[in-house]
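What follows is a single structure, written as structure tokens, with notes after it.
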Amino acid sequence: MSFHLSGSIVQNFKVRFPRLSSRFRIKALAAGTAAVVLAAFAPVSAHAGAPKAPRASVALTFDDLPGIVLKPEQGYVDETNEKLLERLHHYHFPAIGFVNEGKLDEIVRERQIANLERWIKAGHDLGNHTFSHGSPNALGAEGYIADIARGERVIRPMMEKAHRRLQWFRHPYLETGSPAAVKDRIDAWLTAHGYRIAPVTIDCDDWEFAEPYDEAVMTGNKAQAERIRNVYLAYTERTIGWYRKGARVLFGRDISYVMLLHDTRLNADSLDGLAAIFKRQNMKPVALDKAMRDPAYKTPDGYQGKDGIEWLERWSLALHKDLPWNEYEEVPKPISEEYNKLDNR
Ligand SMILES: [Zn+2]
């Protein structure tokens, strides 16, 4: 899946509708029925007496720091980071935030930098997510590499000051470069500069829920905000189940997962619900480097196409094993329709 940021201030804070990649279309075709969509509105409930899920660990990774919001309001961004970090602290969840330094000058630079410092002060790592959230498909290898280098001017000294090493890189849109020569050039640059690629093995498309959620919060529509949160959490719990099933198809076991989330008000306000899901699903949040010790992450990523696909899909190609696409459920229609409406405005 992929989405775009473009030039203006407001648009830089908006995710735009994803281009439908071929794999995305496979997912769309496997989208849930009306019954599944309606079920998304049912409250989440633990199944009393249901057998306990096997234990698994999950690294929580938040993209697009210092925050991705519908409208560039600094107070809203500050509150979002404060609340998210307070809830992570409450649950003792480690996390990593992937930064787009291009966002620093889009609202109030000092306050945006203060938000990044909040993450470090809370004990979380920061990673590089490029300066401008660009695509290697648009920028080419050299342009993309320049965008990565430009994306560490603030966070590298910030991490060093805290005696930490900047080492993680997350590709925007999960696009890793195409054809192979472009991907290889980018990979070689990352390695030569001490970066490790942060893959994604759980992706619940939280960004698509986040914009309708901002709209509800910013217009004071509490009932709508609560409804979106409930739909998001129910969908996320089912989708986590799908990824765990996918891992069992590929590896015959749960792996240590790396979950893609975004630095949004939706996630700040949903963290209690996410914590409840991890508890019900017997999943323990761990630091990214710990999750990455799972040997599954040594599986080669031979994917050389343009699509932004997550790593279970990449490995399914390398291992010649099909993921359970017939069971994959698309984001509930009311959410994607609301998202499209806001995006067209
Ligand atoms: Zn991003």
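Positions -48 to -1, 1 to 297 (mature numbering (1 follows the signal peptide of the UniProt record, and there is no 0)) are the ones given, in order, by the sequence shown.
A virtual CB, placed ideally from N, CA and C, is assigned to each residue, including glycine.
Problem - Rounded separation between W159 and L213 - CA only - result: The residue labelled residue 159 in the question sits at position 207 within the sequence shown. The residue labelled residue 213 in the question sits at position 261 within the sequence shown. Near 8 Å, if we compare the C-alpha coordinates of L213 and W159.
Practice task
May I have the straight-line CA-CA distance separating K250 from F203, to the nearest angstrom?
Solution key: The sequence position of residue 250 within the sequence shown is 298, counting from 1. The sequence position of residue 203 within the sequence shown is 251, counting from 1. Each residue's alpha carbon lies about 12 Å from the other.
Handout entry: Paired residues, beta bridge with M235 - DSSP
Key = In the sequence shown, residue 235 corresponds to position 283, counting from 1. Partner(s): A8.
Handout entry: beta-carbon P124 near ligand 1 non-hydrogen atom, thresh 7 Å
Key = For the purposes of this step, residue 124 is taken as residue 172 along the sequence shown, with counting starting at 1. At least one heavy atom of ligand 1 is nearer than 7 Å to the Cβ of P124, so yes.
Problem - Contact the region 234 to 245 vs the region 103 to 118: 3+ CB pairs below 8 Å - result: By the criterion of at least three beta-carbon pairs nearer than 8 Å, the region 234 to 245 is not in contact with the region 103 to 118.
Problem - Distance CB(R217)-CB(T13) smaller than 8 Å - result: Counting from one through the sequence shown, the residue named residue 217 turns up at place 265. Counting from one through the sequence shown, the residue named residue 13 turns up at place 61. Not in contact: R217 and T13 (Cβ atoms no closer than 8 Å).
Exercise for the section: Mark P109 as exposed unless 16 or more other C-beta atoms lie within 10 angstroms of its C-beta, in which case mark it buried. Expected result: Residue numbering aside, residue 109 sits at position 157 when the sequence shown is read from its first letter. The C-beta of P109 has fewer than 16 other C-beta atoms within 10 Å across all chains shown, which makes the residue exposed.
Problem - Buried or exposed (CB count within 10 angstroms, at least 16 for buried), D274 - result: The residue given as residue 274 occupies position 322 in the sequence shown. Exposed, since its Cβ has fewer than 16 Cβ neighbours within 10 Å.
Practice task
Measure the Cβ-Cβ separation of residue 304 and G198 and say whether it is below 8 Å.
Solution key: Residue coverage of the chain in this structure runs from -48 to 297, which leaves residue 304 outside it and unanswerable.
Problem - Y291: first and last residue of the uninterrupted alpha helix (DSSP H) it sits in - result: The count along the sequence shown starts at 1 and reaches residue 291 at position 339. In the DSSP assignment, Y291 falls within the unbroken alpha helix (DSSP H) covering K285 to N296.
Problem - Inter-residue Cα distance where the pair is D157 and P46 - result: On the sequence shown, residue 157 is found 205 positions in, with the first residue counted as 1. On the sequence shown, residue 46 is found 94 positions in, with the first residue counted as 1. Answer to the nearest angstrom: the Cα atoms are 21 Å apart.
Handout entry: Buried/exposed call for A132, threshold 16 Cβ in 10 Å
Key = Within the sequence shown, numbered from 1, the residue matching residue 132 stands at position 180. So A132 ends up on the exposed side.
Practice task
Please go through the same chain and pick out, in chain order, the residues whose beta-carbon is closer than 7 Å to the beta-carbon of G146, but skip the five residues on each side of it.
Solution key: Here the question's residue 146 lines up with position 194 in the sequence shown. When the five nearest sequence neighbours on each side are left out, the beta carbons in the same chain lying within less than 7 Å of the beta carbon of G146 are those of Q119, in order along the chain.
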